[in-house]
Amino acid sequence: MKLNALLRGPRTLYARLALVFIVGLAVAQTLSVWLTMTERDQTMNNVMMGYIEREVTSSVALLDHLPAAERAAWLPRLARRTYTFTLGPGVTGAPPDVELSARVARSIAAGIGKRYPLTANAVPGEPDRLQVHLQLSDGTPLTIDYRPMPGAPLSRWLPVVLLLQLAVLAACCWLAVRLATRPLSQLARAADTLGPDLRAERLPEDGPDEVARAARAFNAMQDRIKMYMTERLQILAAISHDLQTPITRMRLRIDVMDDSAQGAKLQQDLREMETMVKEGVTYARTMHGATEVPCRIDPDALLDSLVFDYVDAGKEIALQGRIGAALVTRPQALRRIVGNLVDNALKFSGAAEIAVAASPAGQVTISVLDRGPGIPAESLEAVFEPFYRLEGSRNRHTGGTGLGLAIARQLALAMDAALSLHNRPEGGLEARLVLKGLA
Ligand SMILES: Nc1ncnc2c1ncn2[C@@H]1O[C@H](COP(=O)(O)OP(=O)(O)OP(=O)(O)O)[C@@H](O)[C@H]1O
Ligand SMILES: [Mg+2]
Numbered sequence: 110m111k112l113n114a115l116l117r118g119p120r121t122l123y124a125r126l127a128l129v130f131i132v133g134l135a136v137a138q139t140l141s142v143w144l145t146m147t148e149r150d151q152t153m154n155n156v157m158m159g160y161i162e163r164e165v166t167s168s169v170a171l172l173d174h175l176p177a178a179e180r181a182a183w184l185p186r187l188a189r190r191t192y193t194f195t196l197g198p199g200v201t202g203a204p205p206d207v208e209l210s211a212r213v214a215r216s217i218a219a220g221i222g223k224r225y226p227l228t229a230n231a232v233p234g235e236p237d238r239l240q241v242h243l244q245l246s247d248g249t250p251l252t253i254d255y256r257p258m259p260g261a262p263l264s265r266w267l268p269v270v271l272l273l274q275l276a277v278l279a280a281c282c283w284l285a286v287r288l289a290t291r292p293l294s295q296l297a298r299a300a301d302t303l304g305p306d307l308r309a310e311r312l313p314e315d316g317p318d319e320v321a322r323a324a325r326a327f328n329a330m331q332d333r334i335k336m337y338m339t340e341r342l343q344i345l346a347a348i349s350h351d352l353q354t355p356i357t358r359m360r361l362r363i364d365v366m367d368d369s370a371q372g373a374k375l376q377q378d379l380r381e382m383e384t385m386v387k388e389g390v391t392y393a394r395t396m397h398g399a400t401e402v403p404c405r406i407d408p409d410a411l412l413d414s415l416v417f418d419y420v421d422a423g424k425e426i427a428l429q430g431r432i433g434a435a436l437v438t439r440p441q442a443l444r445r446i447v448g449n450l451v452d453n454a455l456k457f458s459g460a461a462e463i464a465v466a467a468s469p470a471g472q473v474t475i476s477v478l479d480r481g482p483g484i485p486a487e488s489l490e491a492v493f494e495p496f497y498r499l500e501g502s503r504n505r506h507t508g509g510t511g512l513g514l515a516i517a518r519q520l521a522l523a524m525d526a527a528l529s530l531h532n533r534p535e536g537g538l539e540a541r542l543v544l545k546g547l548a
């Protein structure tokens with residue numbers, strides 16, 4: 110299996126790095142413990158073999174020199190933890206097949222094999238037990254019975270220390286990975302907050318070199334974007350603003366014109382131009398940072414008064430549902446967003462309906478519904494672009510600059526709300542504004 114496939118499991122860089130580090134270190138740690146233990150066993154075996162060789166040699170020499178009658182009394186004294194002596198032929202069996210027993214047999218043979226011919230065999234049924242048979246000088250059979258000691262026991266604190274070590278390693282890994290990935294999430298957060306009001310969080314330019322460099326680059330990029338945007342908006346505002354003077358001048362000139370039919374048409378064109386200019390200025394202003402401070406309002410009252418204004422102007426509009434709680438938001442921006450949406454509904458279908466609902470999670474949904482032609486699915490996002498109008502709308506007497514939705518979207522973004530358009534299954538358009546901040 111490829112490493113990639115193995116790493117595909119955890120999604121975050123954080124989890125992946127942690128996994129690589131912790132698994133790697135745990136394997137390395139296990140290997141080194143295994144190495145140490147093997148080394149320890151080997152050394153112990155070597156020491157033991159030397160010991161057996163010397164001890165057995167002197168014990169056999171002693172037994173050989175003792176008078177036959179005294180030997181039996183000495184046997185217990187010569188016994189050691191791993192081997193005992195018995196006078197007699199012992200049991201026979203197959204040659205020792207366990208490596209350690211074979212080594213013991215070789216050690217004993219190295220010590221006394223030259224003087225006493227030996228035979229060694231495993232004890233049937235106990236493969237690692239060993240008996241070595243020989244004859245003392247007077248012909249008495251002697252058996253050395255070897256029982257291996259169960260491997261040197263582990264100290265009780267060893268697993269505890271091991272676990273502790275692993276825990277320390279895991280903690281260090283966690284810390285290191287966190288240190289490495291935190292700047293990334295900070296960067297992502299800062300990039301996310303770089304909204305239309307251009308007031309993004311600045312990244313601290315300290316910390317490790319690489320992080321500081323990335324933070325500096327990000328802050329500089331943020332400044333550049335801010336500069337470009339400001340410049341763009343200033344140009345838009347300046348053009349829009351400066352157009353107002355010649356428009357006024359033209360209007361005055363038309364007033365003194367003789368041809369009244371042409372004059373009326375020109376006046377109409379000028380009115381349209383004026384609206385465009387006003388919208389342009391407003392757009393530039395909303396883009397330039399929604400400076401309005403959020404406050405606690407009664408959203409039902411706000412919508413009621415909005416609807417009354419339209420009803421007073423003779424428009425067909427209805428309000429459905431109530432929120433029934435206070436909302437922390439920017440009231441003028443909210444009014445303007447809903448107003449722009451209602452204007453569209455009235456303009457493109459002749460009637461509008463506002464439906465509000467609050468979710469238990471504290472979200473407020475304000476939908477502006479109409480029964481007009483709707484918008485082709487592929488243009489549902491495009492209509493939010495400034496000055497974007499659908500083909501059909503251009504030729505109508507609807508007027509408008511194509512800035513209504515762009516302004517609404519900018520304001521919604523600045524309020525941390527979501528504005529989207531949906532074609533209704535029963536025909537018509539739904540403009541849905543989802544707000545947070547229900548108190
Ligand atoms: N309720 C709607 N029904 C059908 N089409 C719509 C609706 N709302 C918007 N549109 C389409 O989206 C386009 C962009 O809307 P937007 O509000 O941004 O501009 P506008 O209404 O044309 O002009 P302005 O709002 O600046 O006076 C409209 O021109 C229209 O084609
Ligand atoms: Mg509009």
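Each residue of the sequence shown is one higher than the one before, starting from 110 at the first, in our numbering.
Built from N, CA and C at the ideal position, the CB exists for glycine as well.
Please read these numbers as outputs of a predicted model, since none were measured by experiment.
- Between ALA324 and GLU314, the beta carbon gap of about 5 Å places them in contact (Cβ cut-off 8 Å).
- Its chain contains LEU227 as the residues whose beta carbon lies nearer than 7 Å to that of ALA218, once the 5 sequence neighbours on both sides are disregarded; these appear in chain order.
- By the neighbour-count criterion, in which 16 or more other beta carbons inside 10 Å mark a residue as buried, THR147 falls on the exposed side.
- About 15 Å separates the Cβ atoms of THR191 and LEU184, ruling out a contact at the 8 Å cut-off.
- Contact between LEU455 and ARG533 does not hold, since their C-beta atoms are separated by about 16 Å, which reaches or exceeds 8 Å.
- If one requires a minimum length of 4 residues, the alpha helix (DSSP H) runs lying completely within the segment 311-378 are 318-364, in chain order.
- Inclusion of ILE426 and ALA461 in the CB contact set at 8 Å is warranted, their separation being smaller than that value.
- With fewer than 16 other Cβ atoms inside 10 Å of its own Cβ, MET258 counts as exposed.
- Taking the Cα positions, LEU342 is about 37 Å away from PRO317.
- Rounded to the nearest angstrom, the gap between the Cα atoms of ALA229 and GLY248 is 18 Å.
- Annotation for ARG533 indicates a beta carbon at 7 Å or more from all heavy atoms of ligand 1.
- Inside the segment 214-277, DSSP marks no whole alpha helix (DSSP H) run of 4 or more residues.
- Under the three-state reduction of DSSP, VAL286 is assigned to helix.
- If you ignore the 5 residues before and after ILE432, its C-beta comes within less than 6 Å of the C-beta of PRO408, ASP409, VAL465, ALA467 and VAL473, all in its own chain and listed in chain order.
- Judged by DSSP secondary structure, ILE463 falls outside any alpha helix (DSSP H) and instead within the beta strand (DSSP E) spanning 460-467.
- DSSP, reduced to helix, strand and coil, places ALA470 outside both helices and strands of the structure shown, so it counts as coil.
- Per the C-alpha coordinates, the member of GLY513, GLY536, GLY511 and LEU547 positioned closest to ASP525 is LEU547.
- Linking ILE356 to THR290 through their CA atoms gives a straight-line distance of about 57 Å.
- Inter-segment contact for the segment 131-151 and the segment 270-279 is present: three or more beta-carbon pairs are separated by less than 8 Å.
- Setting aside the 5 residues that flank it on each side, SER246 is surrounded in the same chain by ASP173, each with a C-beta closer than 6 Å to its C-beta; the list follows chain order.
- Look at PHE496 here: in three-state DSSP terms it is coil, with no helix or strand label.
- In the three-state reduction of the DSSP assignment, ARG149 falls in the helix class, which pools H, G and I.
- If the five residues before and after VAL543 are omitted, its C-beta is found closer than 7 Å to the C-beta atoms of GLN472, THR474, ALA526 and ALA527, all from its own chain and listed in chain order.
- Per DSSP, LEU530 is not a residue of any alpha helix (DSSP H); the beta strand (DSSP E) it occupies stretches across 527-532.
- With respect to the C-alpha of VAL320, the residue from LEU263, LEU296 and GLN331 having the closest C-alpha is LEU296.
- Here ARG380 carries a helix assignment [DSSP, helix/strand/coil].
- Look at which beta carbons fall closer than 7 Å to any heavy atom of ligand 2; those residues are ASN449, ASP452, ASN453, LYS456, GLY509, GLY513 and LEU514.
- In the three-state DSSP reduction, LEU126 falls in the helix class (H, G or I).
- When DSSP states are grouped into helix, strand and coil, GLU487 belongs to the helix group.
- Rounded to the nearest whole angstrom, the C-alpha separation of PRO233 and THR201 is 8 Å.
- Apart from the 5 residues on each side of it in sequence, VAL386 sits with its Cβ closer than 8 Å to the Cβ of SER349, HIS350, LEU352, GLN353 and ILE356 in its chain, given in chain order.
- Taking the C-beta atoms as reference points, ILE516 is found no nearer than 8 Å to ALA279.
- Per DSSP, LEU412 is one residue of the alpha helix (DSSP H) stretching across 408-421.
- Closer than 7 Å to some heavy atom of ligand 1: that describes the Cβ of ILE484.
- According to DSSP, residue pairing for VAL386 in a beta bridge does not occur.
- In the three-state reduction of the DSSP assignment, THR166 falls in the helix class, which pools H, G and I.
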